[in-house]
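K.L.:
Residue numbers (our numbering): 6 to 98. Note that beta-carbon positions come from the ideal geometry of N, C-alpha and C, so glycine has one too. First, the structure itself, so that you have it in front of you.
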Amino acid sequence: MTDDAEQPRPPIAVALHYEQGRDHAPRVTATGRGAVAEKIIATAREHGVAVEGNALLAEALSGVELDQEIPEDLYRAVAEVIGFVLRAAGRLR
(Lines of atoms letter the chains of each structure in order from A and count residues from 1; the text may use other names and numbers.)
(Lines give C-alpha, C1' and ligand atoms only; values in the text may rest on other atoms or scores of the structure.)
Protein backbone atom coordinates (compact mmCIF):
# COMPACT_ATOMS: atom_id res chain seq x y z
CA MET A 1 0.00 0.00 0.00
CA THR A 2 1.36 3.40 -0.92
CA ASP A 3 1.17 6.40 1.35
CA ASP A 4 -0.04 9.51 -0.51
CA ALA A 5 2.26 11.65 1.64
CA GLU A 6 5.24 9.90 0.03
CA GLN A 7 4.12 10.69 -3.51
CA PRO A 8 5.90 13.71 -4.97
CA ARG A 9 3.52 16.54 -5.70
CA PRO A 10 3.49 17.81 -9.26
CA PRO A 11 5.16 21.19 -9.66
CA ILE A 12 2.94 24.24 -9.39
CA ALA A 13 3.62 27.66 -10.89
CA VAL A 14 1.94 31.05 -10.85
CA ALA A 15 2.95 34.05 -12.95
CA LEU A 16 2.27 37.57 -11.74
CA HIS A 17 2.31 40.92 -13.52
CA TYR A 18 2.15 44.43 -12.10
CA GLU A 19 1.80 47.60 -14.11
CA GLN A 20 2.46 50.73 -12.07
CA GLY A 21 -0.23 53.33 -12.57
CA ARG A 22 -2.77 50.75 -13.71
CA ASP A 23 -2.82 48.04 -11.07
CA HIS A 24 -3.37 48.40 -7.34
CA ALA A 25 -1.68 45.04 -6.77
CA PRO A 26 0.01 42.35 -8.88
CA ARG A 27 -2.31 40.32 -11.09
CA VAL A 28 -2.25 36.57 -11.66
CA THR A 29 -1.50 36.04 -15.35
CA ALA A 30 -0.92 32.28 -15.46
CA THR A 31 -1.27 29.25 -13.21
CA GLY A 32 -0.54 25.60 -13.78
CA ARG A 33 0.42 22.24 -12.36
CA GLY A 34 2.58 19.47 -13.73
CA ALA A 35 3.58 19.96 -17.35
CA VAL A 36 1.83 23.34 -17.52
CA ALA A 37 3.80 24.55 -14.48
CA GLU A 38 7.03 23.34 -16.07
CA LYS A 39 6.17 25.31 -19.24
CA ILE A 40 5.42 28.47 -17.21
CA ILE A 41 8.77 28.14 -15.43
CA ALA A 42 10.66 27.42 -18.66
CA THR A 43 9.05 30.40 -20.39
CA ALA A 44 9.97 32.68 -17.48
CA ARG A 45 13.58 31.53 -17.58
CA GLU A 46 13.74 31.90 -21.39
CA HIS A 47 12.73 35.54 -20.92
CA GLY A 48 15.19 36.18 -18.10
CA VAL A 49 12.53 36.32 -15.40
CA ALA A 50 13.74 35.17 -11.99
CA VAL A 51 11.90 32.17 -10.58
CA GLU A 52 11.25 31.80 -6.85
CA GLY A 53 10.35 28.35 -5.52
CA ASN A 54 7.63 28.90 -2.92
CA ALA A 55 5.10 26.09 -3.34
CA LEU A 56 2.91 27.25 -0.44
CA LEU A 57 2.54 30.73 -1.91
CA ALA A 58 1.99 29.32 -5.40
CA GLU A 59 -0.72 27.06 -3.99
CA ALA A 60 -2.45 30.04 -2.36
CA LEU A 61 -2.18 32.16 -5.51
CA SER A 62 -3.39 29.36 -7.79
CA GLY A 63 -6.91 29.93 -6.47
CA VAL A 64 -6.97 33.51 -7.76
CA GLU A 65 -8.81 33.92 -11.07
CA LEU A 66 -6.69 34.85 -14.08
CA ASP A 67 -6.18 38.60 -14.55
CA GLN A 68 -7.38 39.29 -11.00
CA GLU A 69 -5.31 41.14 -8.41
CA ILE A 70 -3.85 39.11 -5.58
CA PRO A 71 -5.79 39.24 -2.29
CA GLU A 72 -4.60 41.60 0.43
CA ASP A 73 -3.75 38.76 2.80
CA LEU A 74 -1.01 37.67 0.37
CA TYR A 75 0.55 41.13 -0.14
CA ARG A 76 3.40 40.57 2.34
CA ALA A 77 4.37 37.16 0.95
CA VAL A 78 4.24 38.43 -2.63
CA ALA A 79 6.25 41.54 -1.66
CA GLU A 80 9.00 39.24 -0.38
CA VAL A 81 9.05 37.41 -3.71
CA ILE A 82 9.11 40.69 -5.64
CA GLY A 83 12.05 41.78 -3.47
CA PHE A 84 13.82 38.53 -4.36
CA VAL A 85 13.18 39.07 -8.08
CA LEU A 86 14.38 42.68 -7.98
CA ARG A 87 17.54 41.71 -6.07
CA ALA A 88 18.19 38.89 -8.55
CA ALA A 89 17.85 41.41 -11.39
CA GLY A 90 20.19 43.84 -9.61
CA ARG A 91 17.46 46.46 -9.29
CA LEU A 92 17.26 46.35 -5.48
CA ARG A 93 19.98 46.10 -2.85
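1) Give every residue of the same chain whose Cβ lies closer than 8 Å to the Cβ of residue 70, excluding the five residues on either side of it in the sequence, and list them in chain order.
2) Going by DSSP in three states, residue 79 sits in which element: helix, strand or coil?
3) At which residues does the alpha helix (DSSP H) containing residue 47 begin and terminate?
4) Taking all protein chains shown into account, do 16 or more other C-beta atoms lie within 10 angstroms of the C-beta of residue 26, making it buried, or fewer, making it exposed?
5) Buried or exposed for residue 36, please, with buried defined as at least 16 other CB atoms from any protein chain shown within 10 angstroms of its CB.
P.N.:
Answer, in terms of the structure:
1) One-based indexing of the sequence shown puts residue 70 at position 65. For residue 70, where only same-chain residues beyond five positions count, the Cβ hits under 8 Å are 33.
2) Numbered from 1 along the sequence shown, position 74 holds the residue referred to as residue 79. Three-state DSSP puts residue 79 in a helix.
3) Counting from 1 along the sequence shown, the entry for residue 47 is found at position 42. Looking at the DSSP string, the run of the alpha helix (DSSP H) that includes residue 47 is 40-51.
4) For this step, residue 26 is matched to residue 21 along the sequence shown. Exposed, since its Cβ has fewer than 16 Cβ neighbours within 10 Å.
5) Locating residue 36 in the sequence shown gives position 31, where the first residue counts as 1. With 16 or more Cβ atoms within 10 Å of its Cβ, residue 36 is classed as buried.
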